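Data block below; observations after.
Numbering (our numbering), first residue to last: 408 to 993.
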């Protein structure tokens, strides 16, 4: 695990040793160590042990306490209640452990012992369509998961499974054939122009498709030409994909997210694999023919009439749907990319689909005990009124519009304080972008992914409460103190006594390594967000109660600057893992 053992792990080890020495008959026992309001930690494991050994818990707790090696780590161990242990650490141990954490570039975050390859399927826009608020969560959650997993040593590979195949392309391509020159070459347009062009072509082709039966028939034939690899059709299809990518990149850039071209692998990429996928499923008996279609049945998944709900791999007319491309993608990701984990960041409404896809892949042997698949189903973005987020006209909110408004609001907040800090106009604009986009990301990531959350910009850019702006201002405040420190340098002084607010801040800083490791393993960015908010809150209390630059002695100034510096580094690193910037001056 960690190169820098945390205080919790040190205490846990000493308790485990004491339990073995005092009660050898107990075997291996978890002390159940927890942070406590009454002391620094509380150990609750002796109650269960007393039950197992049929002994008196307080007497057993006293035996364990007597066997404990306190050293210079444990200041006080008290038996409380029916047999809890309340444990208080020495100030020296806290500061010394934090100094070791500060000396580590990774701030004590352990690397995985056996890292694997995780393919993260996220940010799945559709070709020739505008991205809307519904695309936000997949992009933000997926990007944060990659940041966290990469940091623990896992190799992540992104997959943007874009909608770039299907019947609508027959309509679009046929329209382009009959109206050449409607799309400018992708290298001649920016994101806004690309989307404007795509929108225009989409609306115009849809109007003809709906009103002209002969065009509709030609469009259907064009789908067949596309699927059979006709050269002219594929070239025009590629135009739509390229133009859409220009637009996608412009939106992802606004989101301050890196999207690599080689990771955009749409439905079309699995087109050639789908017939083989169907054949393998049918030959192995995993899928069966039913009313002409190739389907997989599940005993436990039934519809309203109590009939089994099948997963349709191939339709009766020979066409393939989402299940075939998703199963083909699993084969590719496990077989060619050597993935040990697959994460799908998709709308929670697709949970049943992926449950069936994963079970089918397991039956076929493409997923195994060595290869896991996890559906990171996310909830809906709601408006401040608690209903699905729409415009006043009842339309879906465009993602670009939403991000632009967030940046506009945040820039106004930054501008209010800019004169006091002495920010230039360039800094105001740049910080406004970081604060606005950070606000949107943090509001999303601080909510458990499977829950809905309210999109309320007023709340998101508030300087108070659980917002990224609050964390960014805490970071900027610390950087300001460090700039004003002059000759004084952040230096740990283990010999100094700590005030209660220093102890609380120090114990929380010490938990960073284990928290990041656990949150990554659980695919839980909201736990990291909660940790960072508590860190900023504890820092605020420390700042209010413990003068830093005006502390009584030079050693105390240095020690408090050390706590400030480690807090700033921890905030910066934690926010970076979530994909959020921390400006130096705000």
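We put the CB at the ideal spot given by N, CA and C, even for glycine.
Every value quoted in this text rests on a predicted model; they were computed, and no experiment measured them.
Which residues in the same chain have their Cβ closer than 6 Å to the Cβ of residue i, if we skip the five residues on either side of it in sequence?
| i | result |
| --- | --- |
| residue 557 | 563 |
| residue 409 | Annotation note: pLDDT 45 at residue 409 (below 50); position unreliable, no value reported. |
| residue 948 | 908 |
| residue 770 | 693 |
| residue 628 | none |
| residue 835 | 821, 822, 825 |
Can you give me the Cβ contacts of residue i inside the same chain, cut-off strictly under 7 Å, excluding the 5 residues immediately before and after it?
| i | result |
| --- | --- |
| residue 804 | 539, 540, 796, 797, 798 |
| residue 656 | 598, 666 |
| residue 709 | 715, 716 |
| residue 924 | 516, 517, 559 |
| residue 730 | 718, 719, 720, 764 |
| residue 858 | 786 |
Comparing alpha-carbon positions, which option in the options lies nearest residue i?
| i | options | result |
| --- | --- | --- |
| residue 830 | 551, 431, 991 | 991 |
| residue 438 | 494, 600, 903 | 494 |
| residue 611 | 636, 580, 635, 423 | 580 |
| residue 929 | 553, 574, 956, 773 | 553 |
| residue 787 | 683, 490, 852 | 852 |
| residue 912 | 977, 577, 891 | 977 |
| residue 451 | 511, 460, 436 | 436 |
| residue 647 | 416, 578, 779, 614 | 578 |
| residue 481 | 725, 458, 416 | 416 |
| residue 736 | 765, 660, 889, 984 | 765 |
| residue 945 | 934, 922, 956, 971 | 971 |
| residue 506 | 605, 902, 794, 633 | 902 |
| residue 982 | 961, 617, 934 | 934 |
| residue 993 | 573, 747, 887 | 887 |
| residue 575 | 600, 745, 589, 626 | 626 |
| residue 728 | 660, 642, 810, 634 | 634 |
| residue 943 | 433, 509, 874 | 874 |
Going by beta carbon distance, what residues of the same chain come within less than 8 Å of residue i, once the five residues before and after it are set aside?
| i | result |
| --- | --- |
| residue 1006 | Residue coverage of the chain in this structure runs from 408 to 993, which leaves residue 1006 outside it and unanswerable. |
| residue 870 | 820, 876, 877, 880 |
| residue 670 | 564, 565, 566, 567 |
| residue 778 | 741, 746, 747, 748, 749 |
| residue 1016 | Outside the displayed span of the chain (408 to 993) sits residue 1016, for which this structure offers no information. |
Mapping the DSSP letters down to three states, classify residue i as helix, strand or coil.
| i | result |
| --- | --- |
| residue 440 | strand |
| residue 494 | strand |
| residue 485 | strand |
| residue 715 | strand |
| residue 727 | strand |
| residue 409 | The predicted model places residue 409 with a pLDDT of 45, which falls under 50 and marks its position as unreliable; any figure quoted below should be read in that light. Three-state DSSP puts residue 409 in coil, outside helix and strand. |
| residue 525 | strand |
| residue 775 | strand |
| residue 445 | coil |
| residue 933 | helix |
| residue 720 | strand |
| residue 898 | coil |
| residue 464 | helix |
| residue 600 | helix |
| residue 754 | strand |
| residue 417 | helix |
| residue 701 | strand |
| residue 805 | strand |
| residue 530 | coil |
| residue 517 | coil |
| residue 976 | helix |
| residue 563 | strand |
Rounded C-beta distance between residue i and residue j? I'm assuming under 8 Å.
| i | j | result |
| --- | --- | --- |
| residue 917 | residue 443 | The pair is not a contact, with the Cβ atoms about 15 Å apart (cut-off 8 Å). |
| residue 701 | residue 685 | 6 Å |
| message | Three Cβ pairs or more, each shorter than 8 Å: is that satisfied between the stretch 641-659 and the stretch 522-535? | response | The stretch 641-659 is in contact with the stretch 522-535.
| request: Could you tell me whether the stretch 476-495 touches the stretch 708-726, where touching means 3 or more Cβ pairs closer than 8 Å? | output: For the pair of segments examined, the stretch 476-495 was found not to touch the stretch 708-726: the number of CB pairs separated by less than 8 Å stays below three.
| Do the stretch 892-906 and the stretch 480-489 make contact, defined as three or more Cβ pairs closer than 8 Å? | no
| With a cut-off of 8 Å, do at least 3 Cβ pairs link the stretch 954-971 to the stretch 812-819? | no
| query | Should the stretch 416-424 be regarded as contacting the stretch 465-480, the criterion being three or more beta carbon pairs within less than 8 Å? | reply | yes
| For the 8 Å Cβ check, are there 3 or more pairs between the stretch 581-596 and the stretch 674-689? | no
| said: Under 8 Å, with one C-beta from each stretch per pair, do the stretch 857-872 and the stretch 834-849 reach the 3-pair mark? | reply: Under the 8 Å Cβ criterion, the stretch 857-872 counts as touching the stretch 834-849, having at least three qualifying pairs.
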